[in-house]
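In the numbering used here, the protein residues as written are 99 to 594. One structure is given here, and the rest of the page talks about it.
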């Protein structure tokens, strides 16, 4: 499109509008004569005036004339003129003092702003104006230093995103208290890689955490420095990115900080040498974490089990990977808390039940076993007699099912006031005949039925001597795989 006269320009503006005329005349600029004529003849027309202010090839003296005659209400024209790359320095200088903040922001965004306008706008009262000039590619270095100390985070964020940010200014911004400023700085891909290494070697936790999040962007030396950060949040995060080397394990195992040693103790597949160091740690927390390891060496686990470290032993008793041999030791632990936790496991054998029931001098563990309604009848006579006289009805019921319980004790339990005790003794094949028949008249029909079934079983065994004895018949029903019937109301605290 060729526009050589004012009439051509008026026709084009009427037909296409200002924005389209600007696009259509990129290759063939409008003649300066037509532009000057439009301004001289239609200076009062806001649409034509806005078109002139927006035209990218506007003559400089015409831009100055428009700027000098602007009225306070012509904000849109002033903003367009402030953004125009052909606006001369004098025009930009005038507009940098405009009362409207949008006009001043437009000047601040103009890459042709001189150092004088830059300094004026860097001292502007509006933070968004200062933020706009902070991002201006023509901003002198000395003004970068001034804006780096600005109170408004928006200004420093804009400064941090500059492609030609001065190295010393970047270092100053890295010490800013705002994490937003540091984040913006870290996203600047034009910074010297050495500055990232300096931050990794420094002591700023926020910066190091930001570096850690963007770890793949940086050289291996930066990531390696973060592994030795003085801040645990950074150090552990960096160590988690790759498997620990043996030197790193030893460094953590001998660290003066408990959190380092506790962190290491939670790692799987620790070498035996490292486990031995941690097993002797002065911190109960470290030893407790080690005891929960799924790959704990057998000799180290047994050493913990035979120690006086109660917290570690409790953790060991809850370790799902504890071996049968280790459980043997824990079954006889002097503190009943440990043995009680073992009693609530679901991987116990007859040997473990024997240790928990028959080899302990206290009744605490047996009470928990009885509460679970564990079908274990191989209770030794002396132990069964002790349980039979307990004040705990669950423990008396547990003893009532024991094959080795003397007849006198069975007879006593047959008259127990607790229903579940009489129910248990009614099933015992060794209960004297008199007491068994008396239970068939028990007020509790369930107990009476159980007693009648026991009598029937005795009669069958008398008539068929080749069949197993009542004791053996009863015992055969108790299989190793179903030793336990966990009640729904077992306290979840034992599973914690």
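Beta carbons: idealized from backbone N, C-alpha and C, even for Gly.
N-terminal and C-terminal residue of the alpha helix (DSSP H) that residue 187 is part of: 187–193
Beta-carbon proximity list for residue 200, same chain, < 8 Å, skipping 5 on both sides: 173, 177
8 Å Cβ shell around residue 360 - same chain, five flanking residues per side excluded: 381, 383, 384, 387
Minimum length 4: unbroken alpha helix (DSSP H) runs contained in the region 402–432: 408–415, 422–429
Cβ shell of residue 106 (< 6 Å), same chain only, five flanking positions each side left out: none
Between the CA atoms of residue 228 and residue 346 - distance to the nearest angstrom: 48 Å
Sequence-distant residues of its chain with Cβ nearer than 7 Å to residue 398 (five each side left out): 373, 374, 377
Residues of its chain near residue 456, where Cβ-Cβ distance is below 6 Å and the 5 sequence neighbours each way are ignored: 478, 481
Reduced DSSP secondary structure (H/G/I, E/B, other) of residue 217: helix
Neighbourhood of residue 365 by C-beta, 7 Å cutoff - its chain only, sequence neighbours within 5 removed: 342
Integer Cβ distance of residue 130 from residue 157, believed to fall under 8 Å: 5 Å
Anticipated Cβ contact below 8 Å, residue 523 with residue 498, distance rounded: 4 Å
Neighbour-count burial assignment, residue 218, 16 or more Cβ in a 10 Å radius: buried
Three-state class that DSSP yields for residue 315 in the structure shown: helix
Span separating the alpha-carbon of residue 440 from that of residue 428: 7 Å
Limits of the unbroken alpha helix (DSSP H) element including residue 180: 173–181
Sufficient close CB pairs (3 or more, under 8 Å) joining the region 142–149 to the region 115–132: yes
Cβ-Cβ distance between residue 246 and residue 267 below 7 Å: yes
Pairwise C-alpha distance: residue 181 and residue 205: 6 Å
Beta-carbon proximity list for residue 329, same chain, < 6 Å, skipping 5 on both sides: 303
Other residues of its chain near residue 537: CB distance less than 7 Å, five sequence neighbours each side excluded: 512, 520, 524, 545, 546, 549
CB contact flag (residue 490, residue 517, <7 Å): no
Residue 390 beta carbon less than 7 Å from that of residue 413: yes
The alpha helix (DSSP H) enclosing residue 614, as first and last residue numbers: Lying outside 99 to 594, the shown extent of the chain, residue 614 is not represented and no answer is given.
Of the residues 184, 126, 225, the one placed nearest residue 209, counting alpha carbons only: 184
As assigned by DSSP and simplified to three states, the class of residue 270: helix
Inter-residue CB distance, residue 362 and residue 371 (contact presumed, cutoff 8 Å): With 8 Å as the limit, residue 362 and residue 371 do not qualify as a contact, their Cβ atoms being about 12 Å apart.
Short Cβ contact (7 Å threshold) for residue 460 with residue 434: yes
Close-in-space but distant-in-sequence residues of the same chain around residue 319 (CB under 7 Å, 5 per side omitted): 295
Straight-line Cα distance separating residue 166 from residue 263: 35 Å
Per-residue burial, residue 240 [other beta carbons within 10 Å of its own, 16 or more giving buried]: exposed
CB-CB length for residue 450 against residue 426, believed under 8 Å: 7 Å
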